[in-house]
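Since the structure comes first, as structure tokens, the remarks are kept for the end.
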């Protein structure tokens, strides 16, 4: 029972972080038709910014906010500076080819990932460093019973929960949210409604940047920070997005939690070195059994 | 007044529109007819900015539209209802309508509410089904929704691309007569593209016959209806 | 009749090009010190892997970020055959080709269902899972460490023929013939009917299907051919000294993709150029950083930074790679004359 609770709580708090990563991936995939392999590279970079600020005696919370804002800016820069010019060029012979239209952005995002990692390595020496958490990571106790959850876990779950609620309100209750959903579903009708689809697209890159930046801030107190630490998070987030449905925002969050539990239970009941194998098997199973994802619709994948 | 002069639109050096010139008068329906591939949709898509013309010009009164972006063309009062009942089927009916007026939300919130109320009055069935996804509507209802989405932006010029496509004659006649009443009551200018000439020309003031990207005839609608030899030659009936 | 004739002509052309490559590298190695001879051996080995990407992504339009994983299949299978069954290295290399082709068949069956980013992500996860597999089945795959293997000694007839052979030269002599053969195979393949079929599927699946091409089968065949090449490259790469999880890292997978992209995904000459760049660029940079006495933090990350920038600049300014740029210049000159 004890190990079950341990797995359950760690699955929930880790799953919450995976949900953010997967949400970020899905936002850009829906909005721009690109799976952004540089996403966690961007998050790594903004987490380094926060870490640098904290070293320079800024408070945790001001560093936290600045990291989120720089995540948004970095996302917007990637879109405006690279992805938009890449995908809007009509005459390139290579882009006339169906498969190349999806391949080129993937390669471009890998290029950004490489550059970000190298720049972070040069600026911050590249060796692993710790990243503080605002709340002690001690197990909580009630009386003399020690619970299987730490204060930091609760903090993570709370922050992600608030983020998801705000995101839901943004998408379902605001005009900008409606514009984002509409441009993802049907860019032409949306443009004909007078909405600047290009700007909406940049906004989805920015929101995705913020979400992944938040994931970086929440995961590094446990994993430490180095140019490569967040690579695994991208893979897990990708798996979560595929499991939930690459074109469904709700699905991406659900997928994040499912993958969180799978990893936590494999970790507790099997061995940590089996985690990767489990992810691969889980991803392949998902692709074969339900390639459109749990909450995804079929048509969009057929592009 | 929509003034189109010497408009040419090319796809890979094939001229889909070849030197088109005509005018559409305010408060009137101008109908463009022609067989499949005559360039009718390309004409509307070029006016709304979805396609870039190679040469020629498109003017709305004194305003040059030729090289503006789709978004700014829509914002200057020109709304297109694209072919095939283009609504966003995953969004609800109300959201589709909201989308059409979204860009005016900050500048004219009050008028937006009125415009929304007006389209619901025009098509009461949409009000009844406003919470349902647009994908669950029938073909005719979707066309009504597509037109409503355009109307909430309070356009001065409405571009309708084959609204009767795939609809029962009775329903398409009803939709076209609603549009006709709207023109007469509000002074809306309508450019209507149809393959099926009869109903479309019956409500129109002016008719243009298009074939292989060229204007073959530019006549008052009544004369075009009467000219059976032109129709036989270019439309086959 | 005419079809047979073109095949013969193409066969002759690719034979010629493969022989030119072989002789060029050989002549180059005679000018080089042992270290650079070793780098040439690396180029020959990695070229085979880069060609597998040229084939898979450039010719058939499927993107793989886990080519290193397929190399691992080739490496591990040949290492197992040599260490557990005592087979000769050469036979193990050939068998490794078949094992990786078989692996590619299964992978291709899965991949045929996946488009662009799905395939990219899945192959990346696969590449990252290699260490887990090696550790999970430690008794078979040797866990974290893997297997120590080497090219052995050059045979007597060869030393009798050309005299003393250094370790570096021997590794080049092992890799180079395979590289030339792979070059020959890929050159031939891309000019035959199946090459054209692949390109049709790559550029427009719907049109290709309407032309009667079996899309899924075409994609699977491309995967099998590319995996056979990658497996061979992995086997030769591993026998430099070690077959283990650290050898076939995701960094290797991405480096190979980079080579294929900066050279030009669709060009075989580009693959050769790109392989030269990824092997020699770090050396060149090291020389520069030493000359400029740059701090270590910069010199450590400078190769990665430059390769990343090179990748970005290629996709931004010339997605067809260096081969495309050459063609462009040639084209411009041509039209200038007229």
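Residue numbers (my numbering), protein chains in the order written: chain P, 67 to 369; chain A, 93 to 329; chain S, 31 to 368. C-beta: ideal position from N, C-alpha, C; glycine also.
C-beta atoms of residue i and residue j nearer than 9 Å
i                      : j                      : result
residue 137 of chain P : residue 279 of chain P : yes
residue 124 of chain A : residue 285 of chain A : yes
residue 157 of chain A : residue 141 of chain A : yes
residue 113 of chain A : residue 151 of chain A : no
residue 225 of chain A : residue 182 of chain A : yes
residue 147 of chain S : residue 222 of chain P : no
residue 94 of chain S  : residue 153 of chain S : yes
residue 251 of chain A : residue 173 of chain A : yes
residue 299 of chain P : residue 317 of chain P : no
residue 198 of chain P : residue 114 of chain P : no
residue 87 of chain P  : residue 105 of chain P : yes
residue 84 of chain S  : residue 297 of chain S : yes
residue 139 of chain P : residue 129 of chain P : no
residue 325 of chain A : residue 313 of chain A : no
Proximal residues of chain A, C-beta to C-beta of residue i below 7 Å
i                      : result
residue 194 of chain P : Neighbours of residue 194 of chain P on chain A: none; closest Cβ ~45 Å, over 7 Å.
residue 248 of chain P : 180, 183, 191
Contact set between residue i and chain S, taken where Cβ atoms lie within less than 9 Å
i                      : result
residue 360 of chain P : Per Cβ cutoff of 9 Å: no residues; residue 360 of chain P is ~15 Å from chain S at best.
residue 151 of chain P : 346
residue 308 of chain P : 148, 151, 152
Chain A contact residues for residue i, given Cβ-Cβ distances below 8 Å
i                      : result
residue 252 of chain P : 178, 180
residue 319 of chain P : The contacting residues do not exist; residue 319 of chain P stays about 18 Å from chain A at best.
residue 64 of chain P  : This structure cannot settle anything about residue 64 of chain P, because the visible part of chain P is limited to 67 through 369.
Proximity winner among the options, relative to residue i (alpha-carbon distances)
i                      : options                    : result
residue 269 of chain P : P:146, P:132, P:104        : P:146
residue 131 of chain P : P:193, P:148, P:112, P:144 : P:112
residue 43 of chain S  : S:65, S:118, S:215         : S:215
residue 99 of chain P  : P:315, P:244, P:362, P:267 : P:267
residue 218 of chain P : P:70, P:78, P:360          : P:78
residue 191 of chain A : P:229, P:333, P:254, P:276 : P:254
residue 327 of chain P : P:315, P:179, P:305        : P:305
residue 180 of chain A : A:297, A:104, A:237, A:256 : A:237
residue 157 of chain S : S:332, S:131, S:97, S:293  : S:97
residue 229 of chain P : P:307, P:276, P:76         : P:276
residue 165 of chain S : P:362, P:349, P:339        : P:339
residue 280 of chain A : A:254, A:210, A:120, A:267 : A:120
residue 250 of chain S : S:184, S:138, S:99         : S:138
residue 59 of chain S  : S:172, S:104, S:136, S:201 : S:201
Rounded distance between the beta-carbons of residue j and residue i, thought under 8 Å
i                      : j                      : result
residue 83 of chain P  : residue 226 of chain P : 7 Å
residue 358 of chain P : residue 321 of chain P : With 8 Å as the limit, residue 358 of chain P and residue 321 of chain P do not qualify as a contact, their Cβ atoms being about 12 Å apart.
residue 286 of chain S : residue 86 of chain S  : Actually they are not in contact, since the Cβ atoms of residue 286 of chain S and residue 86 of chain S sit about 11 Å apart, beyond 8 Å.
residue 236 of chain P : residue 159 of chain S : About 36 Å separates the two Cβ atoms, so there is no contact after all.
residue 90 of chain S  : residue 168 of chain P : At roughly 14 Å, the Cβ-Cβ gap does not stay under 8 Å, so residue 90 of chain S and residue 168 of chain P are not in contact.
residue 299 of chain A : residue 316 of chain A : 4 Å
residue 177 of chain S : residue 109 of chain S : 4 Å
Contacts that residue i makes with chain P (C-beta to C-beta distance below 9 Å)
i                      : result
residue 101 of chain S : Going along chain P, no residue has its Cβ under 9 Å from residue 101 of chain S, so there is no contact; the nearest lies around 17 Å.
residue 154 of chain S : 103, 300, 301, 304
residue 130 of chain S : The premise fails here: residue 130 of chain S is roughly 18 Å from chain P at the closest Cβ pair, so nothing lies under 9 Å.
residue 331 of chain A : Nothing about residue 331 of chain A can be reported from this structure: the residues present for chain A run from 93 to 329 only.
residue 93 of chain S  : 165, 168, 169, 172, 173
residue 335 of chain S : 180, 181, 183, 184, 185, 187, 188
Where residue i meets chain P, residues with beta-carbon distance less than 7 Å
i                      : result
residue 190 of chain A : 244
residue 197 of chain A : 241
residue 328 of chain S : 188
residue 87 of chain S  : 169
residue 187 of chain A : 244
Closer than 7 Å at the beta carbon, the chain S residues around residue i
i                      : result
residue 342 of chain P : 158, 159, 162
residue 177 of chain P : 338, 341, 342, 345
Contacts of residue i in chain S (Cβ-Cβ under 8 Å)
i                      : result
residue 345 of chain P : 155, 159
Partners in chain A for residue i, counting only beta-carbon separations shorter than 9 Å
i                      : result
residue 255 of chain P : 174, 178, 179, 180, 188, 191, 238, 241
message: Using a Cβ-Cβ cutoff of 9 Å, what residues of the region 269 to 282 of chain S are near chain B? List them in chain order.
response: Of the protein chains in this structure, namely P, A and S, none is chain B.
What residues from the region 180 to 192 of chain P come within 9 Å of chain S, judged by C-beta to C-beta, listed N to C?
Hits within the stretch, in order: 180, 181, 182, 183, 184, 185, 186, 187, 188, 189, 190, 191, 192.
Query raised in the report: What residues in the region 154 to 166 of chain A bring their beta carbon closer than 7 Å to a beta carbon of chain P?
Result: In summary, the residues of the region 154 to 166 of chain A whose CB is separated from some CB of chain P by less than 7 Å are 162, 163, 166, in the order they occur in the chain.
Q.
Beta carbons nearer than 8 Å to chain P: which residues of the region 118 to 146 of chain A have them?
A. So the close ones are 140, 142.
Using a Cβ-Cβ cut-off of less than 7 Å, give me the residues of the region 257 to 273 of chain P that come near chain A, in sequence order.
Correct list: 257, 258, 259, 260, 261, 262.
Using a Cβ-Cβ cut-off of less than 7 Å, list which residues of the region 224 to 249 of chain A approach chain P; keep chain order.
Those would be 241, 245, in chain order.
Next on the checklist: Please list, in chain order, the residues of the region 79 to 99 of chain P that have any C-beta partner in chain A closer than 8 Å.
Outcome noted: Of all residues in the region 79 to 99 of chain P, none has a C-beta nearer than 8 Å to a C-beta of chain A.
message: Using a Cβ-Cβ cutoff of 8 Å, what residues of the region 130 to 152 of chain S are near chain P? List them in chain order.
response: Listed by position, the residues of the region 130 to 152 of chain S near chain P (Cβ gap below 8 Å) are 140, 143, 144, 145, 146, 147, 148, 150, 151, 152.
- Query: Using a Cβ cut-off of 7 Å, which residues of the region 289 to 300 of chain S contact any Cβ in chain P, in chain order?
  - Reply: In summary, the residues of the region 289 to 300 of chain S whose CB is separated from some CB of chain P by less than 7 Å are 291, in the order they occur in the chain.
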